[in-house]
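Position one of the sequence shown corresponds to residue 19 (our numbering), numbered consecutively onward. Just below is one structure, and these are the notes that go with it.
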Amino acid sequence: MSSISRTLRNLRKVGIKDFWHQLNYIGDTKAGVLVGTDKFGNKFFEDKDELPLRTRWVDFAKHDFDSAQIEPLWHAWIAYTVDTPPTQDPIMETGKRAWSPKDQVPNRTATLGSYKTYSTTKPKINAWEPFAAPR
19 MSSISRTLRN LRKVGIKDFW HQLNYIGDTK AGVLVGTDKF GNKFFEDKDE LPLRTRWVDF
79 AKHDFDSAQI EPLWHAWIAY TVDTPPTQDP IMETGKRAWS PKDQVPNRTA TLGSYKTYST
139 TKPKINAWEP FAAPR
């Protein structure tokens with residue numbers, strides 16, 4: 019949580035509409051420079067005056083956001099893996115990197131499409147099955 023003076027300063031910088039939006043979605047108020055947007059409509063911001071590791075954040079386009087909705091190159095930037103955003107990366111000017119996935123795969127945790135483990139070993143304990151002898 020931030021201080022009152024920082025919150026009021028950010029209110030003055032971003033305006034009442036963005037201030038209320040940030041409080042509802044991020045839970046904090048931030049004022050920074052728009053670095054770029056990805057193909058899903060997510061907006062990426064940076065503020066060098068913030069505390070370390072709180073200088074970059076994303077404003078998701080969808081209401082039910084998930085971290086899997088960020089493109090891999092933007093995810094590397096927001097996780098401080100690379101220093102330059104994909105909009106300023108000279109390799110990205112030519113197109114996609116060879117290792118980047120072709121399509122975005124959503125996070126399927128807690129859905130029917132989630133990964134299920136399969137055991138190939140024989141169970142040590144078998145369930146009892148009733149057997150009725152013929153008369």
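We treat Cβ as the ideally placed atom computed from N, Cα and C, and that holds for glycine.
### Query
With DSSP run on the structure shown, which of helix, strand or coil describes L26?
Translated into the one-based positions of the sequence shown, residue 26 becomes position 8. Helix.
### N- and C-terminal bounds of the alpha helix (DSSP H) containing K35
In the sequence shown, residue 35 corresponds to position 17, counting from 1. First-last of the alpha helix (DSSP H) with K35: I34 to Y43.
### Task
Using the Cα positions of Y136 and F149, report the straight-line distance between them to the nearest angstrom.
Here residue 136 refers to the residue found at position 118 of the sequence shown. Here residue 149 refers to the residue found at position 131 of the sequence shown. Those two C-alpha atoms are separated by around 29 Å.
### Task
Can you give me the Cβ contacts of R27 inside the same chain, cut-off strictly under 8 Å, excluding the 5 residues immediately before and after it?
Counting from 1 along the sequence shown, the entry for residue 27 is found at position 9. Counting only Cβ-Cβ distances below 8 Å, and skipping sequence neighbours, we find A49.
### Query
Taking the alpha-carbon positions, what's the S21 to D46 distance?
Taking the first residue of the sequence shown as position 1, residue 21 is located at position 3. Taking the first residue of the sequence shown as position 1, residue 46 is located at position 28. S21 and D46: Cα-Cα distance of roughly 10 Å.
### Task
Would you mind reading off the limits of the alpha helix (DSSP H) that contains L69?
Counting from 1 along the sequence shown, the entry for residue 69 is found at position 51. First-last for L69: undefined, no H or E at that position.
### Message
From the DSSP secondary-structure annotation, give me the bridge partner or partners of D77.
### Response
By 1-based counting over the sequence shown, the position of residue 77 is 59. Note: D77 sits in a beta bridge opposite K61.
### Query
Is the region 56-68 close to the region 88-105, with three or more CB pairs under 8 Å?
yes
#### Entry: Outcome for V144 when other beta-carbon atoms lying within 10 angstroms are tallied against a minimum of 16
The residue labelled residue 144 in the question sits at position 126 within the sequence shown. Per the sequence shown, residue 144 should be read as Asn rather than Val. Flag for N144 reads exposed.
### Query
Near T73, what residues of its chain come up, given a Cβ to Cβ distance below 7 Å and the 5 sequence neighbours on each side ignored?
On the sequence shown, position 55 is the one that residue 73 refers to. Closer than 7 Å at Cβ, skipping near neighbours: E64, D65 and K66.
### Query
D77 to F37, Cα distance in whole Å?
As a first step, residue 77 is located in the sequence shown; it is residue number 59 there, counting from the start. As a first step, residue 37 is located in the sequence shown; it is residue number 19 there, counting from the start. Each residue's alpha carbon lies about 12 Å from the other.
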